[in-house]
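So the structure is just underneath, and the comments pick up after that.
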Amino acid sequence: MRYVVHKVNPLPGGGFLKTNIDFCIDWARQHKVRTAVYAVCLIVALEYFSLPNNSLRELQRKNPRITAMMEQRVQEADGAGVRFAIQQTWMPISRISPHLIHAVIVAEDGTFYEHSGVDWYEVEESIEKNLETGRVARGGSTISQQLAKNLFLSTSKDPLRKVKELIITLRMEKMLSKRRILEIYLNVIEWGNGVFGAEAAARKYFGTSAANITRDEAARLAAVIPRPLRHQPNETSQYVERRSSIILERMTARGY
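To convert, note that position 227 of the sequence shown is 226 in numbering that gives the first Met the number 0; the numbers rise steadily by one, no gaps.
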């Protein structure tokens, strides 16, 4: 009895595919810098299409119920086994004290109404300062960038997160008015442990509404924005006293 042995051929194109993979690997080894650049571009492209376009459009009409920052704080509290309650009351910008609006702008983003989301001069100054000190000693984030981070991202400082923040910021500036960006920012920004937004902060630290905040109280609230978990607006620390004094001087210089 004769047995016929059939030789199984490899999948069509298999050799071609392996040859091209080997070629790509060899090319990548010889061009490491280009490969790194292409890889970053690919990652950015993939991230671009995963960013919250629809959510940004919804913000034109709807107020955000919870932010990425709030979710992060809840998770941190759960991990530490401590109780955490979010204090927030939405307040239309038309009812927020002009003193607080002016104080926040001069403290956090003096050219808020002039730039398109990113203050490139501040970015350059921040890079130079950080290179001099060898650490992140100065930030260059605008109000729009801070809002993008608060709404959709985390407090991580990794480069990819900063790229996402930049893309979201530029999109947000095209979809939302400056007034709407500022309104959302004032209502979601962190102002203490579990304290989010101007109304909750005004109630907690000064026992009044954000509508009735005085000029001095506004400067104190704006003073602690960079370090809301370390300082409170109603404390008499050197940091709060010094920074609020600078903010008041800037407000006076601008006629506020």
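All C-beta atoms in this analysis are idealised placements derived from N, C-alpha and C, irrespective of residue type, glycine included.
From a predicted model like this one, the values you see are computed outputs, not experimental measurements.
query	result
Sequence-distant residues of its chain with Cβ nearer than 8 Å to L228 (five each side left out)	E189, G191 and N192
At least 3 beta-carbon pairs within less than 8 Å: the region 242 to 253 vs the region 215 to 232	yes
Bridge partners - G191, DSSP secondary structure assignment	V194
Beta-carbon gap between E107 and I142 smaller than 8 Å	yes
Three-way DSSP call (helix, strand, coil) for H5 in this model	Unreliable positioning characterises H5 in this predicted model, as indicated by a pLDDT of 46, which lies under 50. The coordinate reading is nonetheless provided below. H5: coil per DSSP, three-state reduction.
Contact under 8 Å by Cβ, I167 with L58	no
Contact check, A257 vs M69, beta carbons under 8 Å	Absent from the structure is residue 257, since the part of the chain shown begins at 0 and ends at 255.
Whole-number beta carbon distance between A210 and I65, since they are thought to touch under 8 Å	Actually they are not in contact, since the Cβ atoms of I65 and A210 sit about 24 Å apart, beyond 8 Å.
Whether A199 touches Q71 by CB criterion (8 Å)	no
CA nearest to the CA of K148, picked from R242, A67 and G254	A67
P63 vs L175 beta-carbon contact at 8 Å	no
K61 versus V194 - alpha carbon distance	21 Å
Assigned secondary structure, R253 (DSSP; H/G/I helix, E/B strand, else coil)	coil
Cβ-based burial, E240 [other Cβ within 10 Å; buried from 16]	exposed
Local Cβ density within 10 Å of P232, reported as buried at 16 or more and exposed below that	buried
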